[in-house]
Amino acid sequence: MVPCQKAGSLSHELEVDCYTARIMEIGYKNREMLHRRDAMIRLGQLYESGANGRQDGRKAFKWYREADELGDPAGTFMLGRCYLKGTGTTPNEREANRSFKKAGRQGLPIARFEVGVSYRDGRGYRKNLREAWAWFDYA
2 MVPCQKAGSL SHELEVDCYT ARIMEIGYKN REMLHRRDAM IRLGQLYESG
52 ANGRQDGRKA FKWYREADEL GDPAGTFMLG RCYLKGTGTT PNEREANRSF
102 KKAGRQGLPI ARFEVGVSYR DGRGYRKNLR EAWAWFDYA
């Protein structure tokens, strides 16, 4: 990849490649750039894991929420994980389950599995094995 001459503020804030930084600068200003939702998720993962040298759950949550608002099922799923674990937000099992259901209905099998786990374990829902198995089967 050709080195970036000027990637702007994001390249200084995060140690990410110039391509991602440019995508985010352009995409954040122009919300019609829906095909770059994957870059938002990637930035969220960098912040969540600390792979960029700085772990920041609130910024991870922000990027996942952006991807969710643009209709990305993976962003919605990651947002649900943030709610479940309390990454960048207060833990909230109901919001986590709402996100997992939304992502599951958008076709993401792992999200469907998480809904099944929630019903099986009574995580945010009353335990319901019949509903759990329906979601496991759906996954």
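Counting with the working numbering, you get residues 2 to 140 for the letters of the sequence shown. Cβ atoms here follow ideal geometry from the backbone N, Cα and C, with glycine treated the same way.
Between the CA atoms of residue j and residue i - distance to the nearest angstrom
{"i": "Thr77", "j": "Arg66", "result": "7 Å"}
{"i": "Glu115", "j": "Tyr48", "result": "23 Å"}
{"i": "Val118", "j": "Asp73", "result": "22 Å"}
{"i": "Pro92", "j": "Tyr84", "result": "5 Å"}
{"i": "Leu71", "j": "Arg37", "result": "10 Å"}
{"i": "Arg121", "j": "Lys102", "result": "14 Å"}
{"i": "Gly125", "j": "Gln107", "result": "21 Å"}
{"i": "Lys128", "j": "Glu94", "result": "14 Å"}
{"i": "Glu132", "j": "Asp57", "result": "35 Å"}
Supposed contact pair residue j and residue i - C-beta distance, whole angstroms, cut 8 Å
{"i": "Gly89", "j": "Arg59", "result": "4 Å"}
{"i": "Gly81", "j": "Ala68", "result": "Not really, about 12 Å apart at Cβ, beyond 8 Å."}
{"i": "Arg113", "j": "Trp134", "result": "In fact, because the Cβ distance is near 12 Å, the residues do not count as touching under 8 Å."}
{"i": "Gly45", "j": "Trp64", "result": "4 Å"}
Closest by C-alpha distance to residue i, when choosing among the options
{"i": "Leu109", "options": "Tyr139, Arg37, Leu44, Arg121", "result": "Tyr139"}
{"i": "Ser100", "options": "Arg37, Ala40, Ala75", "result": "Ala75"}
{"i": "Gly105", "options": "Asp122, Met79, Arg43, Trp64", "result": "Met79"}
In the segment 66-104, which residue ranges form an unbroken alpha helix (DSSP H) of at least 4 residues, counting only runs that do not cross its ends? 74-86
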